[in-house]
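These protein sequence lines are chains A and B, in that order. Note that this note's numbering numbers the first sequence so that position 508 is 495, with each residue one more than the last. Note that this note's numbering numbers the second sequence so that position 127 is 137, with each residue one more than the last. Where is the CB? At the ideal position from N, CA and C, for every residue including glycine. For reference, the structure is listed below as structure tokens.
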Amino acid sequence: MKQYLALILFIILIVPVSAFYVKEDSYQAVADYHSPIIFIPGVMGSILEDDNRWTTSDELWPGNPQEDRTELAFKEDGKTPEIEGSLIKATGVLRKTWGTAIYDGFYQSMDKTAYKFRGQYGDTGYLRQAYFDHAYDFRRATEDQIANLDKKVNDIRTNTHSKKVILVAHSMGSLQAKMYATKYPDKVRAVILLSGPLNGAPRGFESLTEGYNFGAGALISIPHVWEIGHNWPGIFHLSPNHPFASMNGVDLSLDDTFLKGINYQQANHIPASVFNELAAKKITDPEAVTKELEKQFSGQSKAIVKENFAFRKKFDVLQTPSAVRVEIIHGDGQLTTQSFTVTDELYDSGRLYVSGQIETVEGVFPQYSTFKFNVRRFKQVNSKDGDETVHKKGFEWASAQKVQTVNAGHMAMAGLPETAEKMLVIVEELNHDKRDKVWVDKIKSVANSNLANVKSRSQSAEAQSQEYGEAYKEESKKEEKDEKFLAKLLKDIKGRGKYAFVDNQIVGRQNKIQIIVPGLGEYDSGNADFKAFVVLDSYNVIEVNIGTISPSDYTVTMDKDTFLAVVDHSMSLKDAWNADKIAISGGIKERLMGFVAQWVTSHIGQ
Amino acid sequence: MATSALGYQQGNLVFELSGWNVSEQYSNSQSFFKNGLFLEVRASAGKLVDVRDFAASINGKVESEKNGTRYEAIIMNDDSLYLFVRLPYQDKMYLLTMTGKPSQLNAAKTEMKKALDSVSFSAEEKVVVADWEKELKVPDELAFLAKHPIPWLWVVFWLVIVFLVWRKIRKRKGKK
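Set out below in structure tokens:
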């Protein structure tokens, strides 16, 4: 009896002892795979709320057309709220508003991948493929956004046990992504910029002058965007950093562009009291009126222009260390404003001068004259070099390793499945930059084993050929041409090899490995956008794919009895290859496996 | 057969809509669409625009305006139609905003009337909180034994040691 008691006592003692033993997450312990993704939206892409209002709805942006959103305006210093006591904060990314998808497409595309929004704890979901978003107050200067972004990055790094994050930024969000990555390169594995106007866009400036509502349609009128936004440093940061306006065929300096003349939206918003004063002084001649008005209204806010130029001086020279990968994907082929031709035109104020009193047009006798003065107009010069909103020049950054395009507009491109696929290919390559030794050794070992198998099979090829009989020979003749093609192609792959391994279900060790060969080019035409993929399942080749691919597409069927199983069972290998997908089995599979094994071993060593 | 109406609540405002599809629902607003018309419902505590200023900003015109227990206005330009309804309740203004094409004016008025006929106020506020509005969930703590699994190898090792020692002691005692 005593021994049983001793045993029970011993077990009771050992259980608390186990508290000191913490099971390590083997996945996490091996390598920092799957850096979390943080999505940063563009201008007007975050919900802004006033923290000082108490109501169920304290939303200022996007708000409603019935609401006066003047509270979003800043004074001329670009910092002080137009309405005292306003305390505005960003609370979420705008997915849909006023019946229009804003970033809904982005989230839908992402949710179809292995990445899950705010990955919740379950299996290893939280630790692995999770993506997050970061709303921000787009009115403010880019530099003022960095501290908040850093807080979000640190929170996510802590909660996901990740050393680094991947920043995916659209439009204006790209500015802070660039700034952040250069300031904290140790926290960023990569920045993927989606149509990011790093060098600005003429349309950004247009919102300060002629008026532009960033495609917000029925939600907000163009004049109201100017009313609330003409003192937002954030908008100024979207203006080009290079001359983009010309007058009488001569380029205007940025100083002249930003600081001279009365622009159209300003002219529409000059208060009646100003005309009252002019009337009192008996100033009605257009030239004299122009001079007087220019004293008060000419150009944009001097303080914000100064801040913008200072920002550009610092921002434009920022470069990331090579450890941070920078990739650009932007929309292209859309009619886009690349510059403006500037003219000074006589403008009619619409306010009548009647015996020293200013009245609106309605109800006033038409014989009285209105105030006329010169207004600076910016007429768009368009070309198809851009994404509707940003001209190609705006996307450039010397740190970018690669630039890809999609044939879509500025907003549409962010939600395009094609964009998500391009992005995910980059992410998968990134996640495996630091392959852990165990996996590489396993891959090498299997590759070597495959190589040995292939050599052995090769020696008995003739005997096998006899075994398959005459039918096999006939089949082989038909395919000979294709095999040559395949050999040539794989030689090509071998020569170009840059690769990544995709461990689709790495935890379960159901290994699916994808070898990506970027820049392969469309076979025979050298189209640089094409990629070739060789997918291995447990180190056996199961699919060769050319073109873009998403991880969710890894559904491959193998037919062991078929010499060559192609998509519709009637295509030649070359046709199948060009048609995007082939499944390989039988003899060709073995040979292809051999090629891949050779290729793998030549790249990562025996 | 008439489509049955569905009930919704935004803050204190309770309303019914028949045949409308939900476009978006989150704490600040709910929006719906039906045959090219779009309807948004929200509570506001902010300053509201003067409809004439709004009409001027879209190069449009205030077609009609009615002020009573609630405020109603119809604004149109060449491309769009806006129906503004403002319903005051306690310290908030409930805004119903419908948009569509100018040719849909009659349909929009009928739909707005139907929605307004169904309106009532609840003493209890309620909003729909979208998934993405919920706070980021930090991973739950694992169950104790999942986080600290019993190291069975270690246990068995010590059991064997204890058993051997116990047997030795027993033998010695037996000899004595």
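Helix, strand or coil: how does DSSP classify A:F262 here? For A:F262, the secondary structure class from DSSP, reduced to helix, strand or coil, is helix.
According to DSSP, A:Q391 sits in a beta bridge with which residue or residues? In the DSSP output, where bridge partners are listed per residue, A:Q391 has A:I316.
On a CA-only basis, which of A:E279, A:K76, A:F245 and A:Y(-9) is nearest A:E294? Give me that one, please. Nearest of A:E279, A:K76, A:F245 and A:Y(-9) to A:E294, Cα basis: A:F245.
Could you work out which residues of chain B lie near A:H256, taking near to mean beta carbons separated by less than 8 Å? Those within 8 Å of A:H256 in chain B number zero; the least Cβ separation is about 11 Å.
Is the stretch 317 to 336 of chain A close to the stretch 224 to 239 of chain A, with three or more CB pairs under 8 Å? These segments touch.
When burial is assigned at 16 or more other CB atoms within 10 Å of the CB, is B:G56 buried or exposed? Buried is the call here.
Determine whether the beta carbon atoms of A:F201 and A:S226 lie at a separation below 8 Å. Not a contact, by the Cβ cut-off of 8 Å.
Determine, for B:I68, whether the minimum Cβ-Cβ distance to residues of chain A falls below 8 Å. Contacts with chain A at 8 Å (Cβ-Cβ) include B:I68.
Which residues, in chain order, does the stretch 42 to 59 of chain B contribute to contact with chain A at a C-beta distance below 7 Å? Near chain A, meaning a CB-to-CB distance below 7 Å, the residues of the stretch 42 to 59 of chain B are F43, F48, E50, R52, A53, S54, A55, G56, K57, L58 and V59.
Using only alpha-carbon positions, find the residue among B:L97, B:K183, B:N87 and B:F94 that is nearest to B:S113. With distances taken between Cα atoms, B:S113 lies closest to B:N87.
Going by Cα to Cα distance, which pick from A:I291, A:A266 and A:S182 is closest to A:K359? The shortest C-alpha separation from A:K359 is found at A:A266.
Check whether the Cβ atoms of A:P52 and B:Y36 lie closer than 8 Å to each other. Not in contact: A:P52 and B:Y36 (Cβ atoms no closer than 8 Å).
Name the two residues that bound the continuous beta strand (DSSP E) containing B:F64. It is not in any beta strand (DSSP E) - B:F64 instead sits in the alpha helix (DSSP H) that spans V61 to S67.
Spatial neighbours of B:L49 within its chain, please: CB distance less than 6 Å, with the 5 preceding and 5 following residues excluded, ordered by chain position. Excluding sequence neighbours, B:L49 sits near F42 and M108.
Going by other Cβ atoms of all chains shown within 10 Å of its Cβ, with 16 needed for buried, is B:R182 buried or exposed? B:R182 should be labelled exposed.
Roughly how many whole angstroms lie between the Cα atoms of A:K173 and A:A134? It should be pointed out that residue 173 of chain A corresponds to Asp in this sequence rather than to Lys. C-alpha separation (whole angstroms): 16 Å.
Run through the stretch 89 to 154 of chain A for me and flag every whole alpha helix (DSSP H) of 4 or more residues, listed as ranges in chain order. DSSP runs (the alpha helix (DSSP H)) wholly in the stretch 89 to 154 of chain A: 91 to 98 and 133 to 147.
Can you say whether A:L162 is buried or exposed, counting buried as having 16 or more other CB atoms within 10 angstroms of its CB? Of the other Cβ atoms in all chains shown, 16 or more fall within 10 Å of the Cβ of A:L162; this residue is therefore buried.
Return yes when the Cβ of A:I34 is within less than 8 Å of the Cβ of A:G92, no when it is not. No; because the gap between Cβ atoms is not below 8 Å, this pair is not in contact.
Are the beta-carbon atoms belonging to A:E375 and A:G396 less than 8 Å from one another? In this structure, the beta-carbon distance from A:E375 to A:G396 falls below 8 Å.
Is it buried or exposed, A:Y199, if we count other Cβ atoms within 10 angstroms and call 16 or more buried? Result: buried.
Could you please give me the residues that DSSP links to B:K136 through a beta bridge? B:K136 is bridged to B:G21.
Judging by CA-CA distance, which residue of A:M97, A:P220, A:K170 and A:R190 is the nearest neighbour of A:L322? Closest option to A:L322, judged by alpha-carbon separation, among A:M97, A:P220, A:K170 and A:R190: A:R190.
Could you check the C-alpha separation between A:V521 and A:V140 for me, to the nearest Å? Per-residue confidence for A:V521 stands at a pLDDT of 48, beneath the threshold of 50, marking its modelled position as unreliable; the derived number appears in the next sentence. Near 34 Å, if we compare the C-alpha coordinates of A:V140 and A:V521.
Three-state secondary structure (DSSP) at A:K76? If DSSP states are grouped into helix, strand and coil, A:K76 belongs with the strands.
Taking the alpha carbon of B:D101 as the reference point, which residue from A:D45, A:N186 and A:T67 has its own alpha carbon closest? The option with the nearest alpha carbon to B:D101 is A:D45.
By the 7 Å beta-carbon criterion, what residues does the stretch 195 to 211 of chain A contribute toward chain B? Flagged, chain order: A205, S208, P210 and H211.
With a 10 Å radius around its C-beta and 16 neighbouring C-beta atoms as the bar for buried, classify B:D127 as buried or exposed. It is exposed - the Cβ of B:D127 has fewer than 16 other Cβ atoms within 10 Å.
So what does DSSP say about A:A310, is it helix, strand or coil? Three-state result, A:A310: coil.
Using the Cα positions of A:F223 and A:L305, report the straight-line distance between them to the nearest angstrom. Whole-angstrom Cα-Cα distance: 18 Å.
Kindly indicate the opening and closing residues of the beta strand (DSSP E) around B:Q35. Taken as a continuous stretch (DSSP letters only), the beta strand (DSSP E) holding B:Q35 covers N31 to Y36.
Using Cβ-Cβ distances below 9 Å, what residues of the stretch 52 to 63 of chain A are close to chain B? From the stretch 52 to 63 of chain A, only P52, Q53, E54, D55, R56, T57 and E58 have a Cβ closer than 9 Å to chain B.
Closer than 8 Å is the cut-off here; do at least three beta carbon pairs connect the stretch 128 to 146 of chain B with the stretch 20 to 31 of chain B? Judged by Cβ distances under 8 Å, the stretch 128 to 146 of chain B makes contact with the stretch 20 to 31 of chain B, as three or more pairs qualify.
For A:S211, which three-state DSSP category applies? Note that residue 211 of chain A is His in the sequence shown here, rather than Ser. In this structure, A:H211 counts as helix in the three-state DSSP scheme.
Interface residues of chain B facing A:E46 [CB-CB closer than 8 Å]: What A:E46 touches in chain B: N38, S39 and R52.
In chain B, what lies closer than 8 Å to A:R82 by C-beta? Those are E34 and W142, listed as they occur along chain B.
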